[in-house]
Amino acid sequence: MKREYPVAIVTGGARRLGRHIIIALAKNGYNVVVNYNTAKREASSVIRQIKSIGREGVAIKADISKKSEVIRLVSRTFKLFGRVDLLVNNAAVFVESPLEKTTEQIWDTTININLKGTFLCSQAVAPIMLKQRFGRIINIASLGGLRPWIKHVPYSVSKAGDIMLTKILAKSLAPYIHVNAIAPGIIALEKSAKKSVVPIKSSKILLRKYGKPSDITDLIIYLAKNEQYITGQVFPVDGGKSIQ
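Residue numbers for the sequence shown, in this note's numbering: 39 to 282.
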């Protein structure tokens with residue numbers, strides 16, 4: 039495979055926002071590794087789309103909550119491309135689970151994927167990036183990590199953990215690796231895309247509309263590609279919801 043292009047790993051890259059991130063990276067010159075766990079068909083589909091853009095891509099199955107599988111994911115990426123320039127920790131589970139309905143299984147699954155998985159993937163790519171003296175890690179957090187979502191207890195806690203982990207990684211891996219987080223609000227995806235243009239009361243969202251995938255992907259491209267003076271930060275992309 040061609041090695042002169044930057045290489046990105048995107049966890050949970052086969053569907054929804056992950057797919058949009060993958061395509062945006064490919065259009066901006068990245069060879070991309072699409073990590074998936076169960077969405078094999080969707081991963082194959084996005085790989086075909088990457089190749090139609092003219093970039094290289096490979097789909098790698100890995101349960102990011104398991105260290106052995108994360109090590110295999112990163113090792114195979116390095117074997118294929120010889121480098122890792124960007125990690126986007128996007129994979130997550132989102133289950134409605136208020137306090138009284140949060141089972142141990144829901145708690146463990148959510149924390150293991152959303153927080154432990156982010157930690158394991160970051161830990162695995164760090165030695166490669168440090169040796170390169172260059173790397174970017176971008177964690178997809180959530181507005182739920184900044185505000186207490188009582189109907190989504192483990193999810194909100196996991197995303198708050200991702201935000202603190204972002205700051206710890208930024209301090210641990212400076213100056214060569216920049217680590218930042220993006221905290222999306224409501225992003226209209228696929229069939230719900232028309233909602234982004236429906237007027238919304240300012241009491242709900244200050245900008246009176248939902249976000250678009252490009253609101254997230256444009257920021258990812260900026261943080262990934264540009265030499266900037268930014269690390270350890272959390273960027274809410276929520277139409278002003280987080281300050282209400």
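Positions of the beta carbon are idealized from the N, C-alpha and C atoms, including for glycine. Just so it is clear, the structure is predicted and the values come from calculations on it, not from any experiment.
Under a three-way DSSP split, which group does residue i fall into?
i: G155; result: helix
i: P222; result: strand
i: G277; result: coil
i: N66; result: coil
i: V122; result: coil
i: N150; result: helix
i: V96; result: strand
i: I109; result: helix
i: G182; result: helix
i: S135; result: strand
i: G4; result: The first residue shown for the chain is 39 and the last is 282, placing residue 4 beyond what the model contains.
i: K209; result: helix
Closer than 8 angstroms, CB to CB, is residue i near chain B or not?
i: S252; result: In the displayed structure, chain B is absent; only one protein chain is listed.
Could you tell me the alpha carbon to alpha carbon distance between residue i and residue j, rounded to whole angstroms?
i: L168; j: S210; result: 11 angstroms
i: S135; j: Y43; result: 42 angstroms
i: I220; j: A198; result: 12 angstroms
i: E94; j: T148; result: 31 angstroms
i: A262; j: D256; result: 10 angstroms
i: A46; j: V217; result: 14 angstroms
i: W145; j: S194; result: 11 angstroms
i: S196; j: D101; result: 17 angstroms
i: S234; j: V126; result: Reliability of the predicted coordinates at S234 is poor, the pLDDT of 49 falling under 50, and no value is obtained from them.
i: F273; j: T49; result: 19 angstroms
i: V163; j: R110; result: 11 angstroms
Report the option in the options whose CA atom is closest to the CA atom of residue i.
i: A226; options: I98, Q170 and P251; result: P251
i: R79; options: Y68, S103, G51 and N66; result: G51
i: S280; options: G183, G67, P192 and M202; result: G183
i: I258; options: I238, R246, P222 and R110; result: P222
i: I151; options: G278, V133, L137 and S83; result: V133
i: G277; options: I188, I238, A164 and L55; result: I238
i: S241; options: Q282, Q266 and Y248; result: Q282
i: R114; options: K105, I98, T140 and T141; result: I98
i: H190; options: N264, A130 and S103; result: A130
i: I254; options: G120, A179 and Y74; result: A179
According to DSSP, which residues form a beta bridge with residue i?
i: G173; result: I215
i: V45; result: N69
i: V74; result: The question names Val, yet the displayed sequence has Tyr at residue 74. The partner list for Y74 (beta bridge, DSSP) reads K99.
i: V272; result: A219
i: N127; result: N177
i: H190; result: S135
Measure the beta-carbon distance from residue i to residue j and round it to whole angstroms, keeping in mind my assumption that it falls under 8 angstroms.
i: G290; j: D123; result: Examination of residue 290 is not possible in this model, given that the chain is present from 39 through 282 alone.
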